[in-house]
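Visitor:
Residue numbers (UniProt numbering): 1 to 100.
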């Protein structure tokens with residue numbers, strides 16, 4: 001695996017690997033804006049190799065605009081982050097997914 005692969009490229013590949021003609025009709029990946037400002041990320045884990053994988057979240061608070069909160073709950077990886085932290089969140093998800 002290429003460790004310099006951009007997190008968005010990796011996420012696209014991970015998503016494509018989950019698609020089996022059925023999974024993508026019920027689950028997927030959602031990225032949208034928050035109003036504080038920031039990003040909200042939801043990645044469905046149901047029927048993936050990660051659905052029963054333990055996740056230990058540690059919040060990151062660097063400033064009012066540089067922060068990350070992640071968790072896994074109800075078979076979903078969720079994250080919220082500051083406006084400049086989206087790539088970092090995807091890198092966190094990748095690190096966890098590849099370590100599973």
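Every residue gets a Cβ at the ideal spot worked out from N, C-alpha and C, and that includes glycine.
Which residue wins for smallest C-alpha separation from residue 99, given the options 21, 50, 10, 64?
Guide: Numbered from its first residue, the chain shown carries residue 99 at position 99. When only C-alpha atoms are compared, the closest one is 50.
Visitor: According to the neighbour-count rule (16 or more other Cβ atoms, all chains shown, within 10 Å of its Cβ), is residue 70 buried or exposed?
Guide: As a first step, residue 70 is located in the chain shown; it is residue number 70 there, counting from the start. It is buried - the Cβ of residue 70 has at least 16 other Cβ atoms within 10 Å.
Visitor: Can you tell which of 58, 73, 42, 75 has the C-alpha that lies nearest to the C-alpha of residue 67?
Guide: Position 67 of the chain shown, counted from the start, is the residue given in the question as residue 67. Closest by alpha carbon: 58.
Visitor: Determine the burial state of residue 44: buried for a count of at least 16 other Cβ atoms within 10 Å of its Cβ, exposed for fewer.
Guide: On the chain shown, residue 44 is found 44 positions in, with the first residue counted as 1. Residue 44 should be labelled buried.
Visitor: Can you list, in chain order, the residues of its chain with a C-beta nearer than 7 Å to that of residue 60? Leave out the 5 residues immediately preceding and following it.
Guide: Sequence index remark: in the chain shown, residue 60 carries index 60 (1-based). Around residue 60: 67, 68.
Visitor: Assuming residue 33 contacts residue 90 (C-beta within less than 8 Å), just tell me the rounded distance between them.
Guide: Here residue 33 is taken as the residue at index 33 of the chain shown, counted from 1. Here residue 90 is taken as the residue at index 90 of the chain shown, counted from 1. No, residue 33 and residue 90 are not in contact; Cβ-Cβ is about 16 Å, not under 8 Å.
Visitor: For residue 81, does the count of other Cβ atoms within 10 angstroms reach 16, so buried, or fall short, so exposed?
Guide: Position 81 of the chain shown holds residue 81. Residue 81 is buried by the Cβ-count criterion.
Visitor: Cβ atoms of residue 76 and residue 42: under 8 Å apart, would you say?
Guide: As a working mapping, residue 42 is identified with position 42 in the chain shown. As a working mapping, residue 76 is identified with position 76 in the chain shown. Going by C-beta atoms, residue 42 is nearer than 8 Å to residue 76.
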